[in-house]
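Working notes, structure below.
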Amino acid sequence: MTQAEENEEYAFKHWATVVSEEAIERFGNKQVVATGWAPSGFYHVGNFKEAVTCRAIHRELINLGADSKYILNIDDVDPFDKIPAFFKKDYGKLLSPYLGHAINKVPDPLGCHDSYADHFIANALAIMNDFDVNPEPIHTSKLYLEGSYDKYAKLFLEKKEEMFELTERITGSRMEDFFLIQCPECKNLASPKIVNYEFIDKKIKVDLLCQKEKRGCGQKSSIILGDTLWKIKWRLDWAARQDFLGVTVESSGKDHGVAGGSIDTSLAIHKDIFNKKK
Numbered sequence: 005m006t007q008a009e010e011n012e013e014y015a016f017k018h019w020a021t022v023v024s025e026e027a028i029e030r031f032g033n034k035q036v037v038a039t040g041w042a043p044s045g046f047y048h049v050g051n052f053k054e055a056v057t058c059r060a061i062h063r064e065l066i067n068l069g070a071d072s073k074y075i076l077n078i079d080d081v082d083p084f085d086k087i088p089a090f091f092k093k094d095y096g097k098l099l100s101p102y103l104g105h106a107i108n109k110v111p112d113p114l115g116c117h118d119s120y121a122d123h124f125i126a127n128a129l130a131i132m133n134d135f136d137v138n139p140e141p142i143h144t145s146k147l148y149l150e151g152s153y154d155k156y157a158k159l160f161l162e163k164k165e166e167m168f169e170l171t172e173r174i175t176g177s178r179m180e181d182f183f184l185i186q187c188p189e190c191k192n193l194a195s196p197k198i199v200n201y202e203f204i205d206k207k208i209k210v211d212l213l214c215q216k217e218k219r220g221c222g223q224k225s226s227i228i229l230g231d232t233l234w235k236i237k238w239r240l241d242w243a244a245r246q247d248f249l250g251v252t253v254e255s256s257g258k259d260h261g262v263a264g265g266s267i268d269t270s271l272a273i274h275k276d277i278f279n280k281k282k
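Below you can see the structure in the form of C-alpha cells.
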C-alpha cells in the first residue's frame, strides 16, 4: 500500500478504530484501557473528556474482537495541597490543619462521606454512571496497601543513579528523592524529607526529617517503608502502575504530553528501567 493509499484509508476511519488497531498490533488481544484522576475537587469536563475518550477506545477494542478491560485509577493518596475556593469561607478552619495530608485521610467537610477524597469520588462515579461511562474504579491507596508498588520502590532505589540521570535528561532537573512518606508523628505526607535510606534484609529503612517550613512538626524519625502511609512520586508512580496493571492504552491531559513531561518520563522508564520493548 502506498503512503497516499494509507492516508486515504485512515481518512475514513474513526480515531478510536485507528488507536484500537494499533493497540492490538502492538500488544495483542488482551487490552487494558486506563484513565486516571485525583479526587482533590469536583470532577470537571476535562476529566470527563478523558473518560469518554477511553470508553470509546475500550468499546472499539471489543468490537474488533479484543478482550478489553477499562479501569479508572483514583489517586486518593495525593497530598491535600490547597483548600478549594468553594470551601474556604465555611470550612477553611476545619480543613487547614490537614494541608499536606493524604486526601483520603482528610475529613469530608460536609460530613456525608468517610473522607474528603470519598466525597469527590462519589460525585465523579455518579456523573460517569449518568452517561453510561463505567470504568472499574481502582483506588491507589488500596494498591499501596496490597504491596503492588513495593518491588518498584526497591527497583528505583537499586537503580537510583540511572533514575536520577533519566529524570534529569527528560525534565532538565534532578529529582531529590522518589517518595512521599507520611510523618509517623504529625501524619503530614508532604513535609517529610528523606535524609537517608538503607536496605535491611528485604526491607527499606528510611530516616525522615519532617520539615517545619512545609507545615511539618520538625520531628526526626526512622521507619520501615510500608509501616506508615507512603507513595512513589507521580511520574514514577504512573510508569509503575502501568506496568503492574498491564495498561496498553491510556489517555492524559495535554499538560502531560509537553516535551519533558510525564509521558516522556514514563516512556523512558518503561524502556530504560523496566526494559520493555513495546
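In this note's numbering, the protein residues as written are 5 to 282. C-beta atoms are modelled at their ideal positions from N, C-alpha and C, and glycine is treated no differently. All figures in this text were calculated on a predicted structure; none of them were measured in a lab.
Asked, Found
"Please classify Val199: is it buried, with 16 or more other beta-carbons within 10 angstroms of its beta-carbon, or exposed?", "exposed"
"My assumption, with CB atoms under 8 Å, is that Val110 sits in contact with Val253. Please give the rounded CB distance.", "Actually they do not touch by this definition, with Cβ atoms about 32 Å apart."
"Go through the region 14 to 47 residue by residue and report every complete run of the alpha helix (DSSP H) that reaches 4 residues or more, in order.", "19 to 31"
"Could you give the DSSP three-state label for Tyr74: helix, strand or coil?", "strand"
"Which residues in the same chain have their Cβ closer than 7 Å to the Cβ of Phe278, if we skip the five residues on either side of it in sequence?", "Asp247"
"Opposite Glu254 in the DSSP bridges: which residues?", "Ala38"
"Determine the extent of the beta strand (DSSP E) in which His143 is found, giving its start and end residues.", "140 to 143"
"Determine the contact status of Asp80 and Ile107, defining contact as a CB-CB distance below 7 Å.", "yes"
"Would you call Glu140 buried or exposed, if buried means 16 or more other Cβ atoms sit within 10 Å of its Cβ?", "exposed"
"Can you give me the C-alpha to C-alpha distance between Thr57 and Lys17, rounded to a whole angstrom?", "16 Å"
"Return the CA-CA distance between Ile131 and Ile78, expressed in angstroms with no decimal places.", "15 Å"
"According to the neighbour-count rule (16 or more other Cβ atoms, all chains shown, within 10 Å of its Cβ), is Phe124 buried or exposed?", "buried"
"First and last residue of the alpha helix (DSSP H) that includes Asp134?", "120 to 134"
"Helix, strand or coil for Leu270, going by three-state DSSP, please let me know.", "Here residue 270 turns out to be Ser, not Leu, going by the sequence shown. Helix, per DSSP."
"How far does the beta strand (DSSP E) with Leu213 in it extend, from its first residue to its last?", "207 to 214"
"Near Lys34, which residues of its chain fall below 7 Å by C-beta distance, leaving aside the five closest residues on each side in sequence?", "Asp71"
"State the Cα-Cα distance for the pair Trp238 and His143, rounded to the nearest angstrom.", "15 Å"
"Suppose the cutoff is 8 Å on Cβ atoms and the five residues either side in sequence are ignored; what does the same chain contact list for Leu98 look like?", "Pro111, Pro113"
"Looking at the structure shown, is Leu4 part of a helix, part of a strand, or coil, going by DSSP?", "Not covered by the structure: residue 4. The range shown for the chain is 5 to 282."
"Only counting runs of 3 or more residues, tell me where the beta strand (DSSP E) segments fall wholly within the region 134 to 196, in order along the chain.", "140 to 143, 183 to 185"
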